[in-house]
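From first to last, the protein sequence lines are chains A and B. Counting from 35, one number per residue, gives the positions in the first sequence under our numbering. Counting from 28, one number per residue, gives the positions in the second sequence under our numbering. Just below is one structure, and these are the notes that go with it.
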Amino acid sequence: MHNENQPLIFEVSKPGRIGYSLTELDVPEVDLDALLPDTFVRKDAPELPEVSELDIMRHYTALSNRNHGVDTGFYPLGSCTMKYNPKINEAVARMAGFANIHPLQAESTVQGAMEVAYDLQEHLSEITGMAEVTLQPAAGAHGEWTALMMIRAFHEANGDTDRTKVLVPDSAHGTNPASATVAGFDTVTVLSDENGLVDIEDLRSKVDSQTAALMLTNPNTLGLFEEHILEMAEIVHGAGGKLYYDGANLNAIMSQARPGDMGFDAVHLNLHKTFTGPHGGGGPGSGPVGVTEELAPYLPKPVLEKHDGVFTFNYDRPQSIGRVKPFYGNFGIYLRAYTYIRSMGPDGLKSVTENAVLNANYMMRRLEPYFDLPYPQHCKHEFVLSGRRQKKLGVRTLDMAKRLLDFGFHPPTVYFPLNVEEGMMIEPTETESKETLDSFIDAMIQIAKEVEENPEIVQEAPHTTVINRLDETKAARKPILRYTPATEEELVKA
Amino acid sequence: MMHRYIPMTESDRNEMLEVIGISSVDELFADIPEKIRFKGKLNIKEAKSESALLKEMSRLAAKNADSRQYASFLGAGVYDHYKPVIVDHVISRSEFYTAYTPYQPEISQGELQAIFEFQTMICELTGMDLANSSMYDGGTALAEAGTLAAGHTKRKKLIISETVHPEARDVVRSYADGQQIEVVTVPHKDGVTDMDALGELLADDTAAVLVQYPNFFGQVEDIEAIGRMAHDSGALSVVSANPLALGILTPPGQLGADITVGDAQPFGIPEQFGGPHCGYFAVTKKLMRKVPGRLVGETTDEEGRRGYVLTLQAREQHIRRDKATSNICSNQALNALAASVAMTALGKQGIREIAYQNYAKTHYAKQAFEQAGYTVLGGDRHFNELVVDCRRPVEELNVQLLEQGIIGGYDLSRTYEGMENHALFAITEQRTKEEIDALVQEMEAVHA
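Written out as structure tokens, the structure reads:
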């Protein structure tokens, strides 16, 4: 059984092997012990692996074969927008003039990079309908926090220091309340109504003179457009609060509606979702923030500007919230996003949204007979099924998710949003063909039938993966967070 | 319209519309109030073909001066180091780069195991008990270390050394501001933290002392003494460490650090105009449950096979929402993978050799500057950076160096009072003796 384990790189290490090639030292040798105080001279070498270059490549190739990406197969993970990651983006990001430039070089030597960043700001500003955009935040959650800090600075500048609350719908992403806390606010939860939309009366009752902002995803995490958005904006603005747009779901509305036109004061975008910066197994992302004229003075420093055809960073921004990240954001990721936007153009982006929404609605209607659909109206780019019918038969949504692995699909986002029992949130994106959607639908229908006829096969899934269900309780109870070589005693026992 | 990223044909679309029971895609947007429906065409640039776009992007890239054409002596937190070619081959495997966060462990064992290995390597280098799966960058990792310390000690004041990267200090202040935490700066004396001033500032309301190792000026701070002083006041010792330097320097974990953070950019990650890089975050065992971000842990499956999962998730935003230890969700997973590959390639021997070369070359540069009559700040406790009094404005000097194919040092007058004419030069193993000699010669030539 032991030899079924995929070895760790440390376990294939052999003293004396090397995988590097350094140029021989061309200056005189030095005696570290003589030059540095003894306390600071490292005595024991760190136990990094000792392997050849082929060992490295084989190891990571083996690991990659144990990983599912968009290029491996369909990845309908709701709210994550797992669309195809274009290869031209990767080529552009590796161009020497973009990859090997230092952020502190003289501005005159990085005008090309600054031009990309500036032009991207302009594009995002138009796409979102916001007056100004900063590219500094490193990811969506970082963008949320940045924008909330700006909103706070705005209120404080107006002597409005009592606005301590941020309103967040119960269907919101977990980062919304977490970002509010990190920005020093208390979170107030707003309930959803029976149609899956923000309950306007509940909102009205919770908005008051302490409201700093309402954070909203539109369409929301059920994939439904908040059609009362203008009324909501009026309620929040009427009480002196600001409206914050979580751009995780922007893929649903490009060229159809713009946050700026809906009344939002601040917007963050996830360039690694809508705009194809790859997810990278969890990052890096890029989370630009767009704001109205009114909030623009509070943008993080520095602000990228263009004067007479020359690009400069402006640090002289007295009302700025300060710096949110060293340097200028995740350039390598927003460079990919820019490349993508330029590959699509205005018609392409419109088509992206139309097809993303068409795909989601098609899947929803085909799956509707087999699963509960709590909110049956047309959806936007994603929809949420409930597994409560199957749960009554003893099969949980988690089981069905695991069964999908046997068909070669990544499962949907499960148990989210929190306001749907046994939820399965499906987002196909526009880059998938009808054939792919159909094969996923067929698999889902088969699983629904298995639940009725042969539930064990679902409950015990997956059956075809390199490993089956893992003991998460054990992992959390006695955490092993790093490799430690086996002691001699353990080796003898083994 | 047809586009290579959008496969739906007209007939596909018609079949799908029929299943939905509508006659046009437009009907799917009917719930958007008329008043805010976007009617026109987005006023952005028209699409370009693949070839035309590559051409345009190449033209823009060529406008930048990159460290392949120039000998760069710019460091200040971002370094031009040896990047094993294999790194890019590994991270170009799209099973890694097109994957999401490994929430489904059965089909994400590759990513999970790679992160587990990354966590182990960071522990080995820093001497800490455990490390997370990555942070955005060194600056935000330091800021989160500060807020963690404040939460842990229930104290509202951070003391940060002036020798910490100025931009990282700015980020620490922004984060602290959100949570009403006060940040006090302790000045430097001859390029290292002023210990007397630190002693005066430390009090029973101090949550942590934040220092950098080696510091912004390239000097090796006495983090052992600083840590001891912090602990005597009941504060935590937070160290921001260049992980590559730890090939020759005693790890912070052996010198009393409670939290060690930093950026793994020196390991195979290109400069990329400042990002994405790769923050790391490592702590002692007692802080395990307060760590921000994702942690990968080892466990077994139903058949007893070893496997890896995201663990201790009760700390995180998707479970705890407003009670989470941090709001971080996306991290720098792919760059952590890049750093792992580079650390693996260097290995136990290479990490020492590369760190040693950085020290030796910097030492050589220091002597060359001094022989040419320049004053270099501090003694021999430098790693790969030096502060040199150039005797003339650095900005001006850099313009002339550029003409000679050299990207000069960081102009310290941008961020430090009293440091007019002072430059921070980075001398990595990539700089040859000839390039170092040329730098010193060009500076002299400029004077003559």
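Positions of the beta carbon are idealized from the N, C-alpha and C atoms, including for glycine.
Which residues DSSP lists as bridging residue i, in chain order
| i | result |
| --- | --- |
| A:Asp215 | Reading off the sequence shown, one finds Thr at residue 215 of chain A, where the question assumed Asp. None; A:Thr215 has no bridge partner. |
| A:Ser98 | DSSP, once it has assigned bridges, lists no residue as partnering A:Ser98. |
| A:Ile460 | A:Leu111 and A:Phe417 |
| A:Val454 | Answer is none; A:Val454 lacks a bridge partner. |
| B:Leu466 | In the DSSP output, where bridge partners are listed per residue, B:Leu466 has none listed. |
| A:Gly324 | A:Val167 and A:Val301 |
| B:Val288 | B:Ser267 and B:Phe308 |
Residue of the options minimising C-alpha distance to residue i
| i | options | result |
| --- | --- | --- |
| A:Ala172 | B:Leu373, B:Glu469 and B:Ser357 | B:Ser357 |
| A:Leu201 | A:Ala191, A:Ser213, A:Gly193 and A:Asp194 | A:Ser213 |
| B:Ser161 | B:Ala79, B:Ala372 and B:Pro319 | B:Pro319 |
| B:Ser267 | B:Asp259, B:Ala450, B:Glu248 and B:Gly302 | B:Glu248 |
| A:Asn395 | A:Asp472, A:Gly315, A:Thr499 and A:Leu70 | A:Asp472 |
| B:Ser440 | B:Arg458, B:Thr455 and B:Arg419 | B:Arg419 |
| A:Leu258 | B:Glu343, B:Ala351 and B:Asp58 | B:Asp58 |
| A:Glu529 | A:His176, A:Met296 and A:Arg238 | Coverage of chain A is limited to positions 35 through 528, which leaves residue 529 of chain A absent and any answer about it impossible. |
| B:Thr371 | A:Pro41, A:Gly177, A:Val232 and A:Tyr54 | A:Tyr54 |
| B:Tyr163 | B:Gly289, B:Ile346 and B:Ala453 | B:Gly289 |
| B:Leu377 | A:Leu70, A:Arg511 and A:Ser86 | Reading off the sequence, residue 377 of chain B comes out as Gly, not Leu. Cα-wise, what sits closest to B:Gly377 is A:Ser86. |
| A:Met288 | B:Met35, B:Phe56, B:Ile47 and B:Ser50 | B:Phe56 |
| A:Asn285 | A:Ala79, A:Asp72, A:Asn192 and A:Thr465 | A:Thr465 |
| B:Ile118 | B:Ala366, B:Arg95 and B:Leu466 | B:Ala366 |
Short CB-CB distance (under 8 Å) between residue i and chain A
| i | result |
| --- | --- |
| B:Phe123 | yes |
| B:Cys417 | no |
| B:Asp349 | yes |
| B:Gly137 | yes |
| B:Gly405 | no |
| B:Thr442 | no |
| B:Gly324 | yes |
| B:Glu189 | no |
| B:Met470 | no |
| B:Arg182 | no |
Within-8 Å CB hit, residue i to chain B
| i | result |
| --- | --- |
| A:Phe474 | no |
| A:His497 | no |
| A:Met91 | yes |
| A:Gly457 | no |
| A:Ile234 | no |
| A:Leu515 | yes |
| A:Arg430 | no |
| A:Tyr332 | no |
| A:Met35 | No answer about A:Met35 holds up, because its pLDDT of 38 lies below 50 and its placement is not dependable. |
| A:Val75 | yes |
| A:His302 | no |
Per-residue contacts from residue i into chain B (C-beta, under 7 Å)
| i | result |
| --- | --- |
| A:Asn502 | Glu133, Asp328, Glu329 and Glu330 |
| A:Pro403 | Ordered by position in chain B, no residue passes the 7 Å Cβ test against A:Pro403, which lies about 12 Å from the chain. |
| A:Ser226 | In chain order: nothing, as chain B lies at least about 16 Å away. |
| A:Leu59 | Gln384 and Ala387 |
| A:Thr209 | Gln344, Asn354 and Cys356 |
| A:Arg292 | Phe65 |
Proximal residues of chain A, C-beta to C-beta of residue i below 8 Å
| i | result |
| --- | --- |
| B:Val336 | Leu504, Glu506 and Ala509 |
| B:His192 | Pro360 |
Closer than 7 Å: residue i CB and nearest the ligand GTP heavy atom
| i | result |
| --- | --- |
| A:Leu407 | The ligand GTP is not part of the structure shown, which contains no ligands of any sort. |
Within chain A, the residues that residue i reaches when beta carbons sit closer than 7 Å
| i | result |
| --- | --- |
| B:Gly166 | Lys359 and Pro360 |
| B:Glu151 | Pro80, Glu81 and Leu82 |
Residue i: contacting residues in chain B (beta-carbon distance under 8 Å)
| i | result |
| --- | --- |
| A:Thr465 | Tyr32, Ile33 and Pro34 |
| A:Asp295 | Ile63 and Phe65 |
Chain-ordered chain A contacts of residue i [CB-CB under 9 Å]
| i | result |
| --- | --- |
| B:Gly374 | Ser47, Arg51, Ile52, Gly53, Tyr54, Leu82, Pro83, Glu84 and Val85 |
*Could you pull out every unbroken alpha helix (DSSP H) segment of at least 4 residues lying fully inside the region 175-248 of chain A, listed in chain order?*
Those alpha helix (DSSP H) runs which fall completely within the region 175-248 of chain A and span 4+ residues are 209-216 and 234-240.
*Within the region 177-265 of chain B, note down every full beta strand (DSSP E) run reaching 3 residues or more, in order along the chain.*
Taking 3 residues as the shortest admissible run, the region 177-265 of chain B contains the following complete beta strand (DSSP E) segments, listed from N- to C-terminal end: 184-188, 209-213 and 233-240.
*Contained beta strand (DSSP E) runs [length at least 3] in the region 358-384 of chain A, N- to C-terminal order*: Scanning the region 358-384 of chain A from its first residue to its last, no whole beta strand (DSSP E) run of 3-plus residues comes out.
_Which complete alpha helix (DSSP H) runs does the region 384-456 of chain B hold, if anything under 4 residues is left out?_
Counting only runs of 4 or more, we get 421-430.
*Length-filtered (4 minimum) alpha helix (DSSP H) runs lying within the region 292-365 of chain B*: Taken in chain order, the complete alpha helix (DSSP H) segments of 4 or more residues contained in the region 292-365 of chain B are 344-347.
*Please specify which runs of the beta strand (DSSP E), each continuous and at least 3 residues long, are wholly inside the region 262-292 of chain A, giving them in chain order.*
Secondary structure remark: continuous beta strand (DSSP E) runs of at least 3 residues inside the region 262-292 of chain A, in chain order: 276-281.
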